[in-house]
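Taking it in order: structure first as structure tokens, then the write-up.
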Amino acid sequence: MLDPAAPQLVINARTLLFSWLPADPGAAEALVPTGLRPHPQRQVFLNQYVVDDDTQTSGFGAYSLTYLGVSLADMEPPDRETPGGWWTHYLASSNRVRQYAAARGAPAADGTTRLDLRGGWLTAETWVDDRPLIRVTARVGHTGTDARSGHHRYLTRHHGELIVTDYPYVAEPVSPFEIESVEFLAPDHPVHALRPANPLDVCWGFYSPRVSFAYPARPGAPGEPAARHQVPARRARSGLPSGS
53 MLDPAAPQLV
63 INARTLLFSW
73 LPADPGAAEA
83 LVPTGLRPHP
93 QRQVFLNQYV
103 VDDDTQTSGF
113 GAYSLTYLGV
123 SLADMEPPDR
133 ETPGGWWTHY
143 LASSNRVRQY
153 AAARGAPAAD
163 GTTRLDLRGG
173 WLTAETWVDD
183 RPLIRVTARV
193 GHTGTDARSG
203 HHRYLTRHHG
213 ELIVTDYPYV
223 AEPVSPFEIE
233 SVEFLAPDHP
243 VHALRPANPL
253 DVCWGFYSPR
263 VSFAYPARPG
273 APGEPAARHQ
283 VPARRARSGL
293 PSGS
């Protein structure tokens, strides 16, 4: 098992990330734990991505992942580009990734994500227990000279402790980009509570064939700087500077 305190790097993942307004805002809000406030619009976010080769990661190996959840109020990352989010579902194809993520508080479960791009049409599917759970269809163009970078902030809970982590990323989004449909195909699955409103109302998002990001080394508590250095106890007792 990977050390959950160690950072991990992923490069050039094929990634579809976007947000919508839910069909049942009350059901989405009910998934946010006490002490956190959902976004005023009760936005739902979805990330479906595929890492095709072992050489694209520092320790995960090749895998696919879908995560989704509810956006939060007053929890923006440092660049404030997108709202922070509470993970409600985290479906990974790799047991190594599931164990690592679960140890950091993610609601990790087994699932497979497939991205199929043909003639400008992208189909993104998430499968659980050999059945399709979510299917997204989008019209996508080509990458140009633009790049997008920043941080995404996600919150989890581990052993009763609320954890907030900022994930740095760099993406090369395509243009044009337009979500055509979002289908939730299993009404009996808990994820169905996050299905989009009809007509579909997309808040933000992008598709990129190359997204690089990191799982930082040290998750922190809300309001605590994520990169704060922990002084060894022996130095703290000595009164000497930590040296870093």
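In this note's numbering, the protein residues as written are 53 to 296.
Just so it is clear, CB atoms sit at the ideal spot from N, CA and C, and this is done for glycine as well.
If you're wondering where the values come from, they're calculated on a predicted model, not measured in any experiment.
By the criterion of a C-beta distance shorter than 7 Å, H204 is surrounded in its chain by P129, T134, Y219, Y221, once the five residues flanking it on both sides are discounted. Taking 3 residues as the shortest admissible run, the segment 199 to 250 contains the following complete beta strand (DSSP E) segments, listed from N- to C-terminal end: 200 to 210, 213 to 223, 226 to 236.
Secondary structure at E81: helix, using DSSP grouped into helix, strand and coil.
Pairing L73 with W256, the inter-Cα distance amounts to about 10 Å. Ranked by Cα distance from G87, the first of D126, G157, F258 is D126.
Pairing P248 with A155 gives a Cβ-Cβ distance that is not under 8 Å.
In the three-state reduction of the DSSP assignment, A155 falls in the helix class.
The criterion of a C-beta distance shorter than 8 Å is satisfied by Y142 and A161.
Annotated three-state conformation of D168 is strand, per DSSP. Taking all protein chains in view, the Cβ of P261 is crowded by 16 or more other Cβ atoms within 10 Å, so the residue is classified as buried. Taken through DSSP and simplified to helix, strand or coil, D104 comes out as coil. Burial of S71 is indicated by the presence of at least 16 other C-beta atoms within 10 angstroms of its C-beta.
According to DSSP, residue pairing for N99 in a beta bridge involves L69, Y119. Residue state for R262 is assigned as strand, using DSSP reduced to three classes. Relative to A158, the option among R191, G212, A238, G202 whose CA is nearest is G212. In the DSSP assignment, D162 falls within the unbroken beta strand (DSSP E) covering 160 to 162.
Only residues of its own chain outside the window of five on either side were considered, and among them G163, T164, T165, R166, L185 have a CB closer than 8 Å to the CB of W179, listed in chain order. Here DSSP, grouped into helix, strand and coil, assigns R148 to helix.
Taking a C-beta distance under 8 Å as the contact criterion, W173 and R191 qualify as a contact pair.
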